[in-house]
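In what follows, a structure is listed as structure tokens, so that the remarks can point back to it.
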Amino acid sequence: MANPKEKLPGGTETILLVDDQEAIWDFMIEALQTLGYSVILAENGLDAVEIYKNNPKQIDMVILDMIMPKMGGHSTFYQIRGIDPKAKILLSSGYVSEEEVNDILKQGAAGFIPKPHRINVIAKEIRRILDSK
């Protein structure tokens, strides 16, 4: 667990969480809301692209799982970037190759956090990405 004395950075932005695992949603939604963020959940890449398309300028950042049914992280990344070339997308996975991650980072992904998630790492990475121009 995070050091209770450590004040984690938070914010009021809206984050689209894209993940197919219920245990991850429960943890991430609660953690992000505790930090002050609004969270929209997409259970797969197809839903994520629809949500992003239907909420122009409303989503400040995407946390994108790489391995999902229906549409994986790779395709989802490129489709969201097609809608908004400046979309801030943080990759997340426990099972993806370093090569695959590096490929998408070179294409403009904002960062990568491995699973299992640690809230202090996530909180700092989200702020770093949201505060970058």
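Numbering (the working numbering), first residue to last: 39 to 171. Cβ coordinates follow ideal geometry from the N, Cα and C atoms, glycine included.
Legend entry - CB of V56 within 8 Å of CB of I105, strictly: no
Legend entry - Three-state secondary structure (DSSP) of M99: strand
Legend entry - Counterpart residues of P152 in DSSP-defined beta bridges: S131
Legend entry - Every unbroken beta strand (DSSP E) inside the stretch 68 to 123 [3 residues or more]: 76 to 80, 99 to 103
Inset, instruction - Out of L73, F65, I62, G120, state which residue places its alpha-carbon closest to the alpha-carbon of E88. - result: G120
Inset, instruction - Kindly indicate which three-state DSSP category P47 falls into: helix, strand or coil? - result: coil
Legend entry - Exposed unless 16 or more other CB atoms sit within 10 angstroms - verdict on K144: exposed
Legend entry - Beta-carbon separation (whole angstroms), I78 vs I97, contact threshold 8 Å: 7 Å
Inset, instruction - Measuring alpha carbon to alpha carbon, tell me which of P154, A148, K171, Y90 ends up nearest E163. - result: A148
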